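Residue numbering for the sequence shown follows my numbering, starting at 117 and increasing by one per position. Report on the following structure.
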Amino acid sequence: MKKLLGKLFLTLILISSPVFAQNDVEIFIIDGFVTPEIPHTFKLSFYSSVPIKSKILIDDKYEFQISNEYLEDHKIEVDFSTYKFRKKNIPYKIISENESGEKFISEDFEIILPYDEFIFTKSGSNPVSTILLGLLLYVLPSPNLAIIDKENYFSLTKEIPIITFYGSGYNYPSGNIGFEYTHIYKSNLRDLVRLGYQHIIPIKGIEYISPGISGFSNLKGFNGIGAEISIGFFKVYDVFTVYSKYRYNLKPNDPSKYFQEISVGLFSHFFTIDF
117 MKKLLGKLFL TLILISSPVF AQNDVEIFII DGFVTPEIPH TFKLSFYSSV
167 PIKSKILIDD KYEFQISNEY LEDHKIEVDF STYKFRKKNI PYKIISENES
217 GEKFISEDFE IILPYDEFIF TKSGSNPVST ILLGLLLYVL PSPNLAIIDK
267 ENYFSLTKEI PIITFYGSGY NYPSGNIGFE YTHIYKSNLR DLVRLGYQHI
317 IPIKGIEYIS PGISGFSNLK GFNGIGAEIS IGFFKVYDVF TVYSKYRYNL
367 KPNDPSKYFQ EISVGLFSHF FTIDF
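Set out below in structure tokens:
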């Protein structure tokens, strides 16, 4: 019964779990995270499609044995208190051996360190100045071009992710719910508030592509919805991602009332509620 339930659980997580496959070995990551509480502990659990022995290689220099026997259910906890890292996002690989003696090395997965851990272990950093710089970049609004009735208007917008949803093994959350405030200069739609959802898809060669949908209001009777697509290009300080976004907005009961937005900015998700 235990094995049957294990197989059923493995089938249910197949769609949503990060997968590594090579020849006859498939690895399904269940959990991979670092606890925010001190001591910071890395907790990893995964299933394999066949019984294997397993090890983990963290940051290409710290290797730990996970299972010495051929198993399908693998778990490990590593206390990070005595380990130093220079980045917030730490890569790790799973090294496996099947019953035929064949060895495999997985693709890179990533551990996201708690933010304060990154600050105090970054070599050569001043913790106070780094935190202040991070807060400044976090609250900095993004320049935004609003195209309304074929006229261009400069605006500033600030989006703050509130809730993030995580999938193990990625640099980014799988999605987030965020609040946004936009001020459009010299326009009748001067002030807009917005609540929306973005789905984040990691892409090799850049950081991610993120489609999204949101509802907006000027709190004076002009309400509508917006569909958007953003592209994350590269990281800054391992915490922020430079992105560009295009958004199409309209009033559902009056399709003639629409406008477009193009913006660039910095995305970060370290001050959010995580799920």
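We treat Cβ as the ideally placed atom computed from N, Cα and C, and that holds for glycine. All values derive from a computational prediction rather than experimental measurement.
- Just so you know, the alpha carbons of E185 and P318 end up roughly 34 Å apart.
- A buried status is given to K209, since no fewer than 16 other beta-carbon atoms sit within 10 Å of its beta-carbon.
- Contact between the region 360-368 and the region 193-212 is not established, with fewer than three Cβ pairs separated by less than 8 Å.
- Following the DSSP letters along the chain, one finds V358 inside the beta strand (DSSP E) bounded by residues F356 to K367.
- Around the CB of F196, 16 or more other CB atoms lie within 10 Å, so the residue is classed as buried.
- Pairing S384 with A262, the inter-Cα distance amounts to about 23 Å.
- When Cβ pairs closer than 8 Å are counted between the two stretches, the region 298-308 is seen to touch the region 264-280, the count reaching three or more.
- The C-beta of T198 has fewer than 16 other C-beta atoms within 10 Å across all chains shown, which makes the residue exposed.
- The Cβ neighbour count for V255, taken over all protein chains shown within 10 Å, is under 16; the residue is labelled exposed.
- Its chain contains A262, I300, Y301, K302 and S303 as the residues whose beta carbon lies nearer than 7 Å to that of Y269, once the 5 sequence neighbours on both sides are disregarded; these appear in chain order.
- Between K351 and E323, the alpha-carbon positions lie close to 8 Å from each other.
- Nearest to S164 by C-alpha distance, out of E188, K336, F375 and Y297, is E188.
- The Cβ neighbour count for G148, taken over all protein chains shown within 10 Å, is at least 16; the residue is labelled buried.
- The beta-carbon distance between F180 and I192, rounded to whole angstroms, is 6 Å. This is short enough to meet the 8 Å contact definition.
- A direct Cα-Cα distance of roughly 10 Å separates S346 from H315.
- Beyond the five residues adjoining it in sequence on each side, G331 comes within less than 8 Å, by CB distance, of R310, L311, G312, N339, G340, I341 and G342 in the same chain, given in chain order.
- Per DSSP, reduced to three states, the secondary structure at Y254 is helical.
- Annotation: L366 to R202 spans about 45 Å, alpha carbon to alpha carbon.
- A direct Cα-to-Cα measurement between S290 and K159 gives close to 19 Å.
- Boundaries of the beta strand (DSSP E) harbouring R310: D307 to H315, taken from the DSSP string.
- Contact check for N292 against T357 fails: the beta carbons are separated by 8 Å or more.
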